[in-house]
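Asker: One structure coming up, written as structure tokens, with questions to follow.
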Amino acid sequence: MTEERERFFSRLATIPGIRTMPSIGSWILVKVDDPADLARKVNRRLKPGTVHVPRHIPGAVRIPVGDPKDNETLFQTIRELQTKKERTRYFKELKSSAV
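Following this note's numbering, the numbering of the sequence shown begins with 107 at its first residue and continues without gaps.
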């Protein structure tokens with residue numbers, strides 16, 4: 107489990123807009139710009155309650171560490187959502203700077 111957790115942690119760190127935080131146990135804590143939005147979208151696509159927003163840590167979501175197959179599905183979902191969000195942000199900035 108430790109090896110899989112470290113692998114998953116490293117992969118999450120490659121996603122634009124995700125800042126991994128030191129974490130222990132069966133969860134990985136990451137900071138994102140809009141944690142409620144990410145959690146809502148991931149939970150809607152996968153399963154309700156997959157990703158949690160801890161109230162005591164502003165800007166963070168808790169991501170569960172599971173088996174390699176579940177982690178890959180979760181990674182792909184988060185990467186797709188965050189990449190789309192970063193792309194949208196980039197084009198908005200580009201458009202506003204062209205005006």
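Cβ atoms here follow ideal geometry from the backbone N, Cα and C, with glycine treated the same way.
Keep in mind the model is a prediction, meaning the values are calculated, not measured.
Exposed or buried, what is T108 when buried is set at 16 or more other beta-carbons lying within 10 Å of its beta-carbon?
Answerer: If you number the sequence shown from 1, residue 108 lands on position 2. Looking at its Cβ environment, which holds fewer than 16 other Cβ atoms inside 10 Å, T108 is exposed.
Asker: Evaluate A119 with the Cβ neighbour count: other Cβ atoms within 10 Å of its Cβ, from every protein chain shown; 16 or more gives buried, anything less gives exposed.
Answerer: Numbered from 1 along the sequence shown, position 13 holds the residue referred to as residue 119. Exposed, by the Cβ-count rule.
Asker: If we count Cβ pairs, one from each stretch, closer than 8 Å, do we get three or more for the region 159 to 173 versus the region 137 to 148?
Answerer: Because the criterion of three Cβ pairs below 8 Å is met, the region 159 to 173 and the region 137 to 148 touch.
Asker: Which residues in the same chain as N177 place their Cβ atom closer than 6 Å to its Cβ, once the five residues preceding and following it in sequence are excluded?
Answerer: Position 71 of the sequence shown, counting from 1, holds the residue named residue 177. Hits under 6 Å: F114.
Asker: Identify, in the order they occur along the chain, each residue of the same chain with its Cβ nearer than 6 Å to the Cβ of L187, setting aside the five sequence neighbours on each side.
Answerer: The residue given as residue 187 occupies position 81 in the sequence shown. Closer than 6 Å at Cβ, skipping near neighbours: K147.
Asker: With C-beta atoms as the reference, is I121 less than 8 Å away from I184?
Answerer: Counting from one through the sequence shown, the residue named residue 121 turns up at place 15. Counting from one through the sequence shown, the residue named residue 184 turns up at place 78. Yes, the pair counts as a contact, with Cβ atoms nearer than the cut-off.
Asker: For V159 versus E110, is the C-beta distance shorter than 8 Å?
Answerer: The residue you call residue 159 lines up with position 53 of the sequence shown. The residue you call residue 110 lines up with position 4 of the sequence shown. Against a cut-off of 8 Å, the Cβ pair of E110 and V159 comes out as no contact.
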